[in-house]
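Counting in my numbering, the sequence shown runs from 499 upward without gaps. Note that the Cβ used here is the ideal one computed from N, Cα and C, for glycine as well. Being a predicted model, the structure only gives us computed values, none of them experimental. For reference, the structure is listed below as structure tokens.
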Amino acid sequence: MRIEALAEGGQFAPGRIAEILRTTKDEVARTVGLGRDAVMRPDRVASAKTQKRLREMVEILNRVEPRFGSSLIAYAWYRSEPLAGFGGLTAMQLVRDGHAADVMDYIDAVEAGIHA
Numbered sequence: 499m500r501i502e503a504l505a506e507g508g509q510f511a512p513g514r515i516a517e518i519l520r521t522t523k524d525e526v527a528r529t530v531g532l533g534r535d536a537v538m539r540p541d542r543v544a545s546a547k548t549q550k551r552l553r554e555m556v557e558i559l560n561r562v563e564p565r566f567g568s569s570l571i572a573y574a575w576y577r578s579e580p581l582a583g584f585g586g587l588t589a590m591q592l593v594r595d596g597h598a599a600d601v602m603d604y605i606d607a608v609e610a611g612i613h614a
């Protein structure tokens, strides 16, 4: 099941994401490299930076969820599995550092059979 984490107005909702992933909004913020206020204050939730980071994480999780069969397992992979060719960094670390596109390219390459 894809992570559908949009609220009214087309914004990613940190509370909904946390609920789906069985975690807290604070942990969602840390996972995407944002401070607590970014997911607690409505004006910060709506900011371009917060929405971009949330969208990147959700897009990555939705890409790998079919492989793992569960959004929770996909989230565990995102947080803890080092990616080949990225110096032992995880998808979470790469997204925090602004390299979400590289993670998505890596996932596409794995799906195409280029990386194992």
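Distance, residue j Cα to residue i Cα
i: residue 524; j: residue 557; result: 20 Å
i: residue 598; j: residue 580; result: 14 Å
i: residue 534; j: residue 528; result: 8 Å
i: residue 547; j: residue 555; result: 13 Å
i: residue 602; j: residue 588; result: 12 Å
i: residue 550; j: residue 586; result: 24 Å
i: residue 561; j: residue 590; result: 14 Å
i: residue 593; j: residue 574; result: 15 Å
i: residue 536; j: residue 609; result: 33 Å
Unbroken alpha helix (DSSP H) run spanning residue i, endpoints
i: residue 580; result: It is not in any alpha helix (DSSP H) - residue 580 carries neither H nor E in the DSSP assignment.
i: residue 546; result: 546-566
i: residue 612; result: Premise fails: residue 612 is in no alpha helix (DSSP H) and is neither H nor E.
Bridge-paired residues (DSSP) for residue i
i: residue 588; result: 580
Residue-chain proximity (residue i, chain C), Cβ-Cβ < 7 Å
i: residue 525; result: Of the protein chains in the structure, only one exists, and it is not chain C.
Assigned exposure category for residue i - 16 Cβ within 10 Å defines buried
i: residue 568; result: exposed
i: residue 518; result: buried
i: residue 540; result: exposed
i: residue 512; result: buried
Taking only runs of the beta strand (DSSP E) that begin and end inside the stretch 502-539, which ones reach a length of at least 3 residues, in chain order? Taken in chain order, the complete beta strand (DSSP E) segments of 3 or more residues contained in the stretch 502-539 number zero; there are none.
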